[in-house]
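Note that our numbering has the sequence shown beginning at 47, numbered continuously upward. No residue lacks a Cβ here, since even glycine has one placed at the ideal position from N, Cα and C. Working notes, structure below.
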Amino acid sequence: MIRTPLTRWFDLTTPVIGAPMAGVAGGELARAVSAGGGLGMIGVSGRHTPEFVTEQCAIPAASQDPFGVGLMIWTLADRPDLFDATVAAQPSLVSMSFGDPGPYVGPLHDAGIAVAAQVNTLADAARAVDAGVDVLVAQGTEAGGHTGQRALLPLLQEVLTLTDRPVVAAGGIATGAGMAAMLAAGAAGVWVGTALLACTEGLNGAAARERVRAATGDETVLTRAFDVAEGIDWPVRWPGRALVNDFSRVWHGREDDLVQDEAARRLVVEGRSTGDPATAPIYAGEAVGLVTAERSATDVVRQLTADAEKALAAAAKLLG
Ligand SMILES: Cc1cc2nc3c(=O)[nH]c(=O)nc-3n(C[C@H](O)[C@H](O)[C@H](O)COP(=O)(O)O)c2cc1C
């Protein structure tokens, strides 16, 4: 059994956190990750309602397993109701990402909730430490969804020099060997998103899951084009990593022109509503090539854990 400060803190049997992924990670996915011994999280965006938060949190809460919620800080200025609904749902962990976690740490701690924050630069990490964040998540640019520009391994190593608090690795982890590598590098756990994108418990549709299973790791792009098309006000420092498609081939890097082209922007909005993978964004990271089968998230977590144990045992044999 792999034990780290993260497993001890949240009483887990494996140091795997199911990433909060808005549009994919609802209560069923979170529950399935937690059933595998990890910590499942629910992703909340500015398009969600407080009722969504309450309903989805009730699903893992019913099985008494620990679960978490991930909020996007930049959306909360206009949507304090999402924060309030999250606190009321009493998750074990709330991730405050994509913005300054400072104002939220005190209220979460007062409610007995641990705080995580994804960090993309050393400056982000220093700010999270100063704010009193409990678990830092070094998110590499390999990650699916919105992310920064730095690669995971150097970022992780640097963040580890800055703090004694648990640091979790996010971005590109989809095998037990990859998980073992992060633990050997000093991470207290892994934060896994893309590896769960073809799971039966996800909120994403069958067409998106099929596209994920077919894609290779060479087919992602870190782009603002989809956000510009959908009129979502993501701060420019966090573009999104998605699968390359017909739309991104034309518009990635031409976001200023896209602002002027209503017909092109409409393609993405319509693609989103019809589920057309040629124009709708499918957010996924560079590990997507390793996701080839539709499986339960509980199985994904168990397999990652069993393979990581083997890899760590093999690594120990390298000594002497
Ligand atoms: C489809 C998708 C949606 C995501 N949505 C969110 C989100 O709502 N909040 C968040 O903090 N991170 C979000 N992320 C980023 C994840 O938390 C995490 O950093 C990432 O999935 C880790 O890298 P990996 O995808 O290579 O495992 C999302 C990622 C994906 C793939």
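Pair within 8 Å by beta-carbon distance, V334 and T266:
yes
For G190, collect the residues of the same chain with a Cβ closer than 6 Å to its Cβ; drop the 5 residues on either side in sequence, then sort them by chain order.
Residues G239, T240, R287, Y329, A330, G331 of the same chain have their beta carbon placed closer than 6 Å to that of G190, with the five preceding and five following residues left out of the count.
Could you tell me which of V115, V165, A310, M118 sits nearest to P212, measuring between CA atoms?
V165
Could you name the residues of the same chain whose beta carbon sits closer than 7 Å to that of A174, not counting the 5 residues immediately before and after it, in chain order?
P147, A163, V165, L182
Range of the contiguous beta strand (DSSP E) that encloses G89
85-89 is the extent of the beta strand (DSSP E) around G89.
Comparing the CB of G217 with every heavy atom of ligand 1, is any distance shorter than 7 Å?
yes
Would V99 be called buried (16 or more neighbouring beta carbons within 10 Å of its own) or exposed?
buried
Nearest-angstrom Cα distance between L199 and A184?
9 Å
Nearest CA to the CA of V140: which residue from D127, V115, A233?
V115
Contact the region 315-329 vs the region 274-293: 3+ CB pairs below 8 Å:
yes
Who are the Cβ neighbours of T53 in its own chain at under 6 Å, not counting the five residues just before and after it?
P61
Express the C-alpha separation of A359 and A352 in angstroms, rounding to a whole number.
11 Å
Kindly indicate which three-state DSSP category A163 falls into: helix, strand or coil?
strand
Considering only their Cβ atoms, is the gap separating G82 from F113 smaller than 8 Å?
no
In terms of DSSP beta bridges, what is M142 paired with?
L117
Quick check: does the Cβ of H298 come within less than 7 Å of any heavy atom belonging to ligand 1?
no
According to DSSP, simplified to helix, strand and coil, what is H155?
helix
Reference R270; option with closest CA among A260, M142, P285, I278:
P285
Let me make sure I understand the geometry here. Which of R283, A357, F272 has the alpha-carbon closest to that of G316?
The residue you asked about is not Gly; residue 316 is Glu in the sequence shown. Per the Cα distances, F272.
Would you mind reading off the limits of the beta strand (DSSP E) that contains R287?
286-289
On the DSSP letters alone, give me the boundaries of the beta strand (DSSP E) that T53 sits inside.
First-last for T53: 51-56, but that is the alpha helix (DSSP H), not the beta strand (DSSP E).
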